[in-house]
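Everything in the sequence shown is counted per the working numbering, starting at 1102 for the first residue and increasing by one.
Cβ coordinates follow ideal geometry from the N, Cα and C atoms, glycine included.
Heads up, the thing below is written out as structure tokens.
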Amino acid sequence: MDNDANMTVFDHVQEFRRRLIIILIVIAIGSAISYSGTEQIIAFLSKPAGTLYFMNPAEVFFSYLKVAVFTGFLGTLPVTLWQVWSFIAPALTKKEKRLCMVLIPAATILFYAGLAFSFFLVLPLAIQFFMGFSTETLLPMFSLESYLSFFITFTLPFGITFELPIVLIVLGRLGIIDRDFLKRKRKAFIVIAFIFAAVISPTGDIFTQTMIAIPMIVLYELSLNWSKQFGKDWAVDF
């Protein structure tokens, strides 16, 4: 706290710039490493859709870059969060630091869990659902670029959705909500979950919206049950 208080605005800007450069370098390195295995990564990601096609010569190259950057970002996410943590840590109290040391790893794991849930469970069902609209004159043929864009926009909302327990814990820690509040707003949250799912859903269909809303509702209930062991005031004193 003292060291942070002695820093000028310029010092903070310089520190932020240094952390940002480190993050970009690490992501670039991770992307470069991922690029060497892009073919295997695409083969893995495309399993729910089957064979992919490309419509122009440059599509494969730019799709490889997209996959490399995406996987490089995901693979180096812990390093990115660590740099963010290192930047804000000097301004935090000891209790806040202990809280963040728990929440940041938990948030990372939940984000990865959301992506895994989407890829292994929801995405195959969604593709089967959409392919069900094919007919004798309308045959499905996924291009590499369109599928990768669909994959990224489809899976990321699930990673964000799985951060709900962290959001509730932070709000509880700040004294904005408590367990009684969560119990009273249970029905309202179900409505909010479907509205939120409709906003972030990449396709806009009821199937995808439902598959986004259901995990939110389940995580809400788990957070409510978890708070029970701490009584009415579930803002845990770390």
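### Message
Considering only the alpha carbon of each residue, which of Phe1234, Val1271, Gly1173 lies closest to Gly1138?
### Response
The residue with the shortest Cα to Cα distance from Gly1138 is Gly1173.
### Message
Buried or exposed, going by whether 16 or more other CB atoms sit within 10 Å of the CB of Ile1277?
### Response
It counts as exposed.
### Under the three-state DSSP convention, the category Ser1244 falls into
When DSSP states are grouped into helix, strand and coil, Ser1244 belongs to the strand group.
### Task
Using a threshold of 8 Å, state whether the C-beta atoms of Ala1299 and Met1317 are closer than that.
No, Cβ-Cβ distance for Ala1299 and Met1317 is not below 8 Å.
### Task
Enumerate in chain order the residues of its own chain whose CB-to-CB distance from Phe1220 is below 7 Å, with the five nearest sequence positions on each side excluded.
Leaving aside the five residues that flank Phe1220 on each side, the residues in its chain whose CB is nearer than 7 Å to its CB run, in chain order, Thr1256.
### Query
Taking Cβ positions, are Pro1258 and Pro1149 nearer each other than 8 Å?
Cβ distance not < 8 Å, so Pro1258 and Pro1149 don't count as in contact.
### Query
From the DSSP output, which residues share a beta bridge with Tyr1321?
Partner(s): none; Tyr1321 has no beta bridge.
### Query
Once you ignore the five residues that flank Ile1051 on each side, which residues in its own chain have a CB closer than 6 Å to its CB?
With the chain covering 1102 to 1339 only, the question about residue 1051 has no answer from this structure.
#### Entry: Span separating the alpha-carbon of Leu1166 from that of Leu1249
Near 11 Å, if we compare the C-alpha coordinates of Leu1249 and Leu1166.
### Task
Go to Phe1290, then tell me how far its alpha helix (DSSP H) extends in each direction, as first and last residue.
Element bounds for Phe1290: 1287-1301.
### Query
Rounded to a whole number of angstroms, what is the C-alpha to C-alpha distance between Leu1222 and Ala1314?
Ala1314 has its alpha-carbon roughly 14 Å from the corresponding atom of Leu1222.
### Task
Enumerate in chain order the residues of its own chain whose CB-to-CB distance from Ile1123 is below 7 Å, with the five nearest sequence positions on each side excluded.
Hits under 7 Å: Gln1184.
### Query
Which first and last residues belong to the alpha helix (DSSP H) in which Gly1273 is found?
Start and end: 1265-1274.
#### Entry: Any non-hydrogen atom of the ligand ADP closer than 7 Å to Glu1246 Cβ
Of ligands this structure carries none, so the ligand ADP is not represented either.
### Query
Which first and last residues belong to the alpha helix (DSSP H) in which Ile1189 is found?
That run of the alpha helix (DSSP H) goes 1178-1189.
### Expected contact under 8 Å - CB spacing of Leu1155 and Leu1245 to nearest Å
As written in the sequence, residue 1155 is Phe, which differs from the Leu given in the question. That belief holds up - the Cβ atoms of Phe1155 and Leu1245 are roughly 5 Å apart, short of 8 Å.
### Query
Which one or two residues does DSSP pair with Tyr1213 in a beta bridge?
Answer by DSSP bridge pairing: none, since Tyr1213 is not bridged.
#### Entry: Cα-Cα separation between Ser1147 and Arg1274, rounded to whole angstroms
If you draw a straight line from the Cα of Ser1147 to the Cα of Arg1274, it is about 41 Å long.
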